[in-house]
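A.B. asks: Here the numbering used here is used: the first residue of the sequence shown is 54, the next is one more, and so on.
C-beta atoms are modelled at their ideal positions from N, C-alpha and C, and glycine is treated no differently.
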Amino acid sequence: MEDSILTPPTILCLYPSDILDRMRRFDETLLAADPGFDQETAEYFAVHTLTWGTGSTVTVAFLGGDKALHEQIAAAASKWSSHANVRFDFGVDPVSGAHRTWSRSDTNYAADIRIKFDIGPEGGQYWSMIGTQSRNPRVCPANEASMSLRDFDTKLPQDWETITIHEFGHAIGFKHEHQHPQGGCDDEYRWWDDPGYIPTSLSNAANVRCVYAYDATIVPDVNGKLPGLYRIAGGWPNYWSICTIDHNMRQLQNSSAYLLGPYDGESIMKYHFPAYMYRKGKQSACYSDKNDVLSDGDKAGAAILYPFARDQSEELAIRMTTILDDALALEAVRPDIQSFLEQQRGRFQSNQ
């Protein structure tokens with residue numbers, strides 16, 4: 054049995070179900086504003102109506118962790134700022150060197166991005182709110198984390214930097230690249246089990262010795278038939294429901310709420326999966342080796358989403374304001390969502 058079969062796929066964003074529900078309801082409001090979409094030349098995929106605005110300083114605060122860990126996370130996050138006109142302010146005290154903190158008793162937002170390392174009431178493992186959703190009281194209140202880097206304060210995972218860059222990509226507005234409306238990955242994944250597959254894990258597979266936590270890993274059965282993505286992601290270590298899998302994996306509909314470019318298989322915002330999870334294996338257009346750094350497409354997309362040139366910034370702000378006006382015109386917009394959209398509109402108007 055190949056190691057690639059025994060090793061479960063790395064799922065970067067394990068969102069708690071209640072937070073997924075909040076994000077999904079908000080997305081539905083934005084997507085209802087306009088069923089069309091616009092295509093740009095850079096390779097990226099972002100919810101540009103949830104960006105912070107060109108030239109913004111996004112504040113960050115921590116709950117837990119020490120100074121050394123905070124510095125590592127700040128350094129990883131700054132890689133986005135090298136290519137985008139947005140920077141992160143971690144509130145470093147000039148005397149002690151301590152970073153900004155937040156608490157679960159906060160009634161006002163201590164920072165735009167609030168990072169936790171414990172499981173907390175929100176739950177989940179690695180995840181982040183998309184852009185300014187982190188300051189939407191209905192989606193993410195001030196006393197809740199907007200980003201989870203669970204257990205980083207106990208032991209850093211080997212790919213901690215990749216995880217951090219990925220989650221900060223969400224925090225400035227990027228969605229998952231494999232969900233790109235034009236990517237076609239829906240047709241490439243093996244969603245369902247091979248016909249006749251017998252549910253099998255390492256704990257009951259023939260001639261396989263259990264290896265502690267991995268004994269729950271879903272594997273091929275005695276006849277060599279393969280499990281599908283729904284079964285694999287629904288098992289250890291993710292235990293995702295079909296609804297959660299769809300939210301994180303399924304191709305999204307076209308909408309001008311998204312800023313789109315050609316599908317970028319090398320994006321750090323794309324999940325990496327073993328070849329067996331694709332219908333055509335390594336020949337699949339959506340298959341790629343794991344990418345641990347920002348791709349050229351990520352860099353180009355960040356530069357267009359947060360342009361350095363004034364004329365580009367003004368053009369983008371006008372476009373965003375128009376889309377938000379469409380969303381605000383919807384009769385079904387709840388008062389709390391309306392308030393948030395108006396706040397976003399004001400943010401972009403300041404760049405015109």
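(1) Applying the 10 Å Cβ sphere with the 16-neighbour rule, what's the burial state of V113?
(2) Where does W245 land, buried or exposed, given buried means 16+ other C-beta within 10 angstroms?
(3) Where are the alpha helix (DSSP H) runs, 4 residues long or more, that stay fully inside the stretch 272 to 298, in chain order?
(4) I'd like the ranges of any beta strand (DSSP E) spanning at least 3 consecutive residues and lying wholly in the stretch 113 to 193.
(5) For M200, does the three-state DSSP call read helix, strand or coil?
(6) Closest by CA to W133, which one among M322, L369 and Y316?
(7) Which residues in the same chain as K278 place their Cβ atom closer than 8 Å to its Cβ, once the five residues preceding and following it in sequence are excluded?
(8) Flag this pair as yes or no: are the beta carbons of I298 and R284 separated by less than 7 Å?
(9) For W293 and S149, what's the separation of their Cα atoms in angstroms?
(10) Three-state secondary structure (DSSP) at S109?
(11) Once the 5 residues before and after V111 are set aside, which same chain residues still bring their CB inside 8 Å of it?
(12) In the DSSP output, what is Y242 paired with across the bridge?
(13) Output the distance between the C-alpha atoms of H325 and N276, rounded to the nearest integer angstrom.
(14) Within 10 angstroms of the Cβ of N161, are there 16 or more other Cβ atoms? Answer buried if so, exposed if not.
(15) Measure the beta-carbon distance from R157 to N196 and round it to whole angstroms, keeping in mind my assumption that it falls under 8 Å.
(16) So G117 packs on D206, CB below 8 Å; how close in whole Å?
(17) With which residues is S254 paired in a DSSP beta bridge?
(18) Only counting the same chain, and skipping five residues up and downstream in sequence, which positions put a Cβ closer than 8 Å to that of M330?
(19) Is it buried or exposed, C339, if we count other Cβ atoms within 10 angstroms and call 16 or more buried?
(20) Taking the alpha helix (DSSP H) that D349 falls in, what are its first and last residues?
(21) Which partner residues does F393 have in the DSSP bridge list?
(22) Name the residue from L209, S181, Q186 and A163 whose alpha carbon lies nearest to the alpha carbon of Q125.
(23) Can you tell me whether E175 is buried or exposed? The criterion is at least 16 other CB atoms within 10 Å of its CB, across all chains shown.
(24) If you check the beta carbons only, do S187 and E220 fall under 7 Å apart?
(25) Does D119 pass the burial test, meaning 16 or more other C-beta atoms within 10 Å, or should it be called exposed?
(26) Check whether the Cβ atoms of A129 and I72 sit closer than 7 Å, and answer yes or no.
(27) Suppose the cutoff is 7 Å on Cβ atoms and the five residues either side in sequence are ignored; what does the same chain contact list for D239 look like?
(28) For S109 and F115, I'd like the C-alpha separation in whole angstroms.
(29) Among S131, A198 and P69, which has the Cα closest to the Cα of F170?
(30) By alpha-carbon positions, which one of S131, S201, A127 and L347 ends up nearest to A151?
(31) Out of curiosity, what's the CA-to-CA distance linking E319 and Y179?
C.D. replies: Short version:
(1) buried
(2) exposed
(3) 282 to 286
(4) 139 to 142, 166 to 169 and 179 to 181
(5) strand
(6) M322
(7) D246, D247, P248, G249, Y250 and I251
(8) no
(9) 42 Å
(10) strand
(11) W105, V139, R140, F141, D142, D165, I166, A224 and I225
(12) Y331
(13) 27 Å
(14) exposed
(15) 5 Å
(16) 5 Å
(17) I271
(18) P62, Y242, R243, L282 and I285
(19) buried
(20) D349 to L358
(21) Answer is none; F393 lacks a bridge partner.
(22) L209
(23) buried
(24) no
(25) exposed
(26) no
(27) R303 and Q304
(28) 20 Å
(29) A198
(30) A127
(31) 20 Å
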